[in-house]
Amino acid sequence: MRSNTVKVKYHLPSLEAVAHVVIYATGLTVYDEGKWKTCKHGKAKRRIWRKLHLTVDVSTH
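When the letters of the sequence shown are read in order and numbered with full-length UniProt numbering, they come out as residues 1 to 61.
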(Lines of atoms letter the chains of each structure in order from A and count residues from 1; the text may use other names and numbers.)
(Lines give C-alpha, C1' and ligand atoms only; values in the text may rest on other atoms or scores of the structure.)
Protein backbone atom coordinates (compact mmCIF):
# COMPACT_ATOMS: atom_id res chain seq x y z
CA MET A 1 0.00 0.00 0.00
CA ARG A 2 1.36 3.42 -0.94
CA SER A 3 0.76 6.51 1.10
CA ASN A 4 -1.10 9.45 -0.38
CA THR A 5 0.81 12.54 -1.41
CA VAL A 6 0.07 16.04 -0.26
CA LYS A 7 0.59 18.91 -2.69
CA VAL A 8 1.76 22.05 -0.93
CA LYS A 9 1.68 25.43 -2.66
CA TYR A 10 4.38 27.88 -1.68
CA HIS A 11 6.04 30.95 -3.08
CA LEU A 12 9.43 32.51 -2.61
CA PRO A 13 9.11 36.08 -1.30
CA SER A 14 12.34 37.29 -2.87
CA LEU A 15 15.50 35.86 -4.36
CA GLU A 16 17.57 38.28 -2.26
CA ALA A 17 16.25 37.08 1.11
CA VAL A 18 17.86 33.95 2.48
CA ALA A 19 15.73 31.84 4.80
CA HIS A 20 17.46 29.66 7.35
CA VAL A 21 15.37 26.68 8.31
CA VAL A 22 15.81 23.69 10.58
CA ILE A 23 14.66 20.32 9.24
CA TYR A 24 13.93 17.39 11.53
CA ALA A 25 12.97 13.98 10.17
CA THR A 26 11.64 11.08 12.19
CA GLY A 27 9.99 7.74 11.58
CA LEU A 28 6.50 7.16 12.93
CA THR A 29 4.94 3.76 13.42
CA VAL A 30 1.25 3.03 12.97
CA TYR A 31 -0.33 0.51 15.34
CA ASP A 32 -3.59 -0.96 14.12
CA GLU A 33 -4.50 -3.38 16.92
CA GLY A 34 -2.57 -1.91 19.78
CA LYS A 35 0.75 -2.79 21.30
CA TRP A 36 -0.88 -4.54 24.25
CA LYS A 37 -2.31 -7.25 21.97
CA THR A 38 1.13 -8.03 20.57
CA CYS A 39 2.59 -8.27 24.07
CA LYS A 40 -0.33 -10.33 25.38
CA HIS A 41 -0.48 -12.91 22.59
CA GLY A 42 3.20 -12.90 21.63
CA LYS A 43 2.58 -12.42 17.92
CA ALA A 44 4.57 -9.66 16.32
CA LYS A 45 2.88 -8.21 13.27
CA ARG A 46 4.63 -6.14 10.68
CA ARG A 47 4.46 -2.47 11.62
CA ILE A 48 3.77 0.30 9.13
CA TRP A 49 6.28 3.15 9.14
CA ARG A 50 5.71 6.65 7.78
CA LYS A 51 8.37 9.30 7.38
CA LEU A 52 7.63 12.77 8.79
CA HIS A 53 9.65 15.88 7.98
CA LEU A 54 9.20 19.05 10.04
CA THR A 55 10.57 22.39 8.87
CA VAL A 56 10.82 25.42 11.15
CA ASP A 57 11.95 28.93 10.24
CA VAL A 58 14.82 29.79 12.57
CA SER A 59 13.92 33.47 12.87
CA THR A 60 10.26 32.92 13.84
CA HIS A 61 10.38 29.59 15.67
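Backbone N, C-alpha and C define an ideal beta-carbon position, used for all residues, glycine too.
request  = Note down, in chain order, each residue of its chain lying with its Cβ closer than 6 Å to the Cβ of residue 59, except the 5 sequence neighbours on either side.
outcome  = The count along the sequence shown starts at 1 and reaches residue 59 at position 59. Excluding sequence neighbours, residue 59 sits near nothing in its chain.
task = Could you tell me how far apart the beta carbons of residue 55 and residue 6 are, in whole angstroms, since I believe they sit closer than 8 Å?
result = By 1-based counting over the sequence shown, the position of residue 55 is 55. By 1-based counting over the sequence shown, the position of residue 6 is 6. Their Cβ separation, rounded to whole angstroms, is 14 Å, which puts residue 55 and residue 6 out of contact at 8 Å.
task = Kindly identify the DSSP beta-bridge partner or partners of residue 22.
result = Taking the sequence shown and counting its residues from 1, the one referred to as residue 22 is at position 22. Partner(s): 56.
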